[in-house]
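Engineer: After the structure tokens below, expect a handful of questions from me.
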Amino acid sequence: MSSRLKRGALVASAVITLVGAVLPVPAYAQQESPTLQRYRELNTQAKEANEDYLKAVEDRDARQAEITKAGQDIEAANKTKAEAKVKEDAFRGQVDTLSQASFRGARFDKLSALLTGTSAKDFLARSSALNVLATDNNTALRELVGAVNAAADAEKKAADAQKTATEARDAAAKLADEIKAKKADLDRQINEITSSLDKLSAADRAALQGELDKGVYFPGNGIAGKAVTSALSRRGDRYALGGSKPPVFDCSGLMMWAYAQHGYKLPRTSREQYKVGRPVSKSELQPGDLLFYGSSAATIHHVTMYIGRGMIVHASDYGIPVLSAPMEKGGKDFFAAKRPIG
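Spelled out as structure tokens, the structure:
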């Protein structure tokens, strides 16, 4: 081959190599299989259903707390009413006695003492006695009015508490039916997920889990940093909706448990956890910050914890253990980040 031909062949080879290097990988090679996509959709739907179910349970518990509080208020009001009634009866008798004395001719003033007295000394003695009687009568009247008002106020409080208890009972009964329906729907979705998991291919299972991160992190000694360390200590634990303690967690259960190990209480659900702390941008994330996923605050379905170096720890889906991973693995619908402490 001539040198000219050789040079031409080398140039053509270089161009082919360059084109091969810069051409994008075919789209089908980057996409997940329809089976795996459907599996992820099922998990997201189930997590949304779980959030709805847990919210209904929390609402029922709140109504039950209202019923208990209302019962205590009724008991306290009835006790106050009874005590006021005893006091009312006692002072009503005293007022009646003094009033009857007045009607029989006693006059509670110094003029009466002057008109009936026989001497200056007698006048002073009578005035002193009548002042005492008048003072006693005024005191008795004030005490009587106070007891009557206290009894009426206690009766109103008892009625208000009874109304609250009745409304809370009605709401709790309605929520009980709602919870039953939501739990049935959630169980159905979980059964569908576990059945679909068995149908995933080995390649889909590998793609589902991704590359396991076994990195060591040093998030700091504050509560948030310690919560990160606690969450990381559960890597490898099993995922299941409703899990909130070792060795089984769901996303919000892991966050709640990790912070609880260091004395900080987070709410149970990811939607309620979103209401805690202050917002932070992605550019200012610190270990311990919580990242939320969903189209809005009302549809949040997943939460992860930032651990540093662009990484998160989370309990994500059935078939995937608690693990640490790059932030983008948290989900495609990142909504917001919150700093629970600080």
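Everything in the sequence shown is counted per our numbering, starting at 80 for the first residue and increasing by one. Even glycine gets a Cβ: it sits at the ideal position worked out from N, Cα and C.
What does DSSP give as the partner residue(s) for L369 in the beta ladder?
Structural biologist: As a working note, residue 369 is residue 290 in the sequence shown. Paired residue(s): M384 and K417.
Engineer: Given that a residue counts as buried once 16 or more other Cβ atoms are within 10 Å of its Cβ, and exposed if not, what is S403?
Structural biologist: In the sequence shown, counting from the first residue as 1, residue 403 sits at position 324. Classification of S403: buried, given that the 10 Å Cβ count is 16 or more.
Engineer: Who does R317 pair with in a DSSP beta bridge?
Structural biologist: Residue numbering aside, residue 317 sits at position 238 when the sequence shown is read from its first letter. DSSP, once it has assigned bridges, lists V327 as partnering R317.
Engineer: Quick one: what does DSSP say P298 is sitting in, helix, strand or coil?
Structural biologist: The residue you call residue 298 lines up with position 219 of the sequence shown. Of the three classes helix, strand and coil, the one that applies to P298 here is coil, per DSSP.
Engineer: Determine the burial state of D249: buried for a count of at least 16 other Cβ atoms within 10 Å of its Cβ, exposed for fewer.
Structural biologist: One-based indexing of the sequence shown puts residue 249 at position 170. The residue in question, D249, is exposed, as its Cβ has fewer than 16 Cβ neighbours within 10 Å.
Engineer: Measure the Cβ-Cβ separation of L254 and E167 and say whether it is below 8 Å.
Structural biologist: Taking the sequence shown and counting its residues from 1, the one referred to as residue 254 is at position 175. Taking the sequence shown and counting its residues from 1, the one referred to as residue 167 is at position 88. No, Cβ-Cβ distance for L254 and E167 is not below 8 Å.
Engineer: Round the Cβ separation of K408 and G289 to the nearest angstrom and send it over; I've been treating them as touching at under 8 Å.
Structural biologist: Here residue 408 is taken as the residue at index 329 of the sequence shown, counted from 1. Here residue 289 is taken as the residue at index 210 of the sequence shown, counted from 1. Sure, about 6 Å apart at Cβ, within 8 Å.
Engineer: To the nearest whole angstrom, what separates the beta carbons of Y385 and I391, a pair I think is in contact under 8 Å?
Structural biologist: By one-based count along the sequence shown, residue 385 stands at place 306. By one-based count along the sequence shown, residue 391 stands at place 312. The pair is a contact, with the Cβ atoms about 6 Å apart (cut-off 8 Å).
Engineer: According to the Cβ coordinates, are R171 and A247 closer than 8 Å?
Structural biologist: Numbered from its first residue, the sequence shown carries residue 171 at position 92. Numbered from its first residue, the sequence shown carries residue 247 at position 168. Contact: no.
Engineer: Identify every residue that forms a DSSP beta bridge with M390.
Structural biologist: In the sequence shown, counting from the first residue as 1, residue 390 sits at position 311. BP columns for M390 point to G387 and P405.
Engineer: Where are the beta strand (DSSP E) runs, 3 residues long or more, that stay fully inside the region 240-287, in chain order?
Structural biologist: DSSP runs (the beta strand (DSSP E)) wholly in the region 240-287: none.
Engineer: State buried or exposed for T245, treating a residue as buried only when at least 16 other CB atoms are found within 10 Å of its CB.
Structural biologist: Numbered from 1 along the sequence shown, position 166 holds the residue referred to as residue 245. Exposed.
Engineer: Going by the CB atoms, is the gap between T218 and E145 shorter than 8 Å?
Structural biologist: Counted from its first residue, the sequence shown places residue 145 at position 66. Counted from its first residue, the sequence shown places residue 218 at position 139. No; because the gap between Cβ atoms is not below 8 Å, this pair is not in contact.
Engineer: Determine the DSSP secondary structure at V359, reduced to helix, strand or coil.
Structural biologist: For this step, residue 359 is matched to residue 280 along the sequence shown. DSSP places V359 in strand when its eight states are reduced to three.
Engineer: Helix, strand or coil: how does DSSP classify K166 here?
Structural biologist: Position 87 of the sequence shown, counted from the first residue, corresponds to residue 166. Helix, per DSSP.
Engineer: Check D396 in the structure and name its three-state DSSP category.
Structural biologist: Counting from 1 along the sequence shown, the entry for residue 396 is found at position 317. Note: D396 maps to coil in three-state DSSP.
Engineer: Taking 6 Å as the limit between beta carbons, can you name the residues of its chain near R418, skipping five residues before and five after?
Structural biologist: For the purposes of this step, residue 418 is taken as residue 339 along the sequence shown, with counting starting at 1. Cβ within range, chain order: G356, R357, V359 and D368.
Engineer: Whole angstroms are fine: how far does the CA of A377 sit from the CA of K444?
Structural biologist: With the chain represented from 80 up to 421, any question about residue 444 goes unanswered, as that position is not in the structure.
Engineer: Going by DSSP in three states, Q24 sits in which element: helix, strand or coil?
Structural biologist: Summary: the structure shown does not reach residue 24, with the chain confined to residues 80 through 421, and so no result is reported for it.
Engineer: What three-state label does DSSP hand Y353 in the structure shown?
Structural biologist: Here the question's residue 353 lines up with position 274 in the sequence shown. Correct three-state label for Y353: coil.
Engineer: Hey, would you say I379 sits closer than 8 Å to G387, going by beta carbons?
Structural biologist: For the purposes of this step, residue 379 is identified with residue 300 of the sequence shown, where counting begins at 1. For the purposes of this step, residue 387 is identified with residue 308 of the sequence shown, where counting begins at 1. No, Cβ-Cβ distance for I379 and G387 is not below 8 Å.
Engineer: Can you tell me the Cβ-Cβ gap for N122 and A237, rounded? I've got them flagged as a contact below 8 Å.
Structural biologist: As a working mapping, residue 122 is identified with position 43 in the sequence shown. As a working mapping, residue 237 is identified with position 158 in the sequence shown. With 8 Å as the limit, N122 and A237 do not qualify as a contact, their Cβ atoms being about 50 Å apart.
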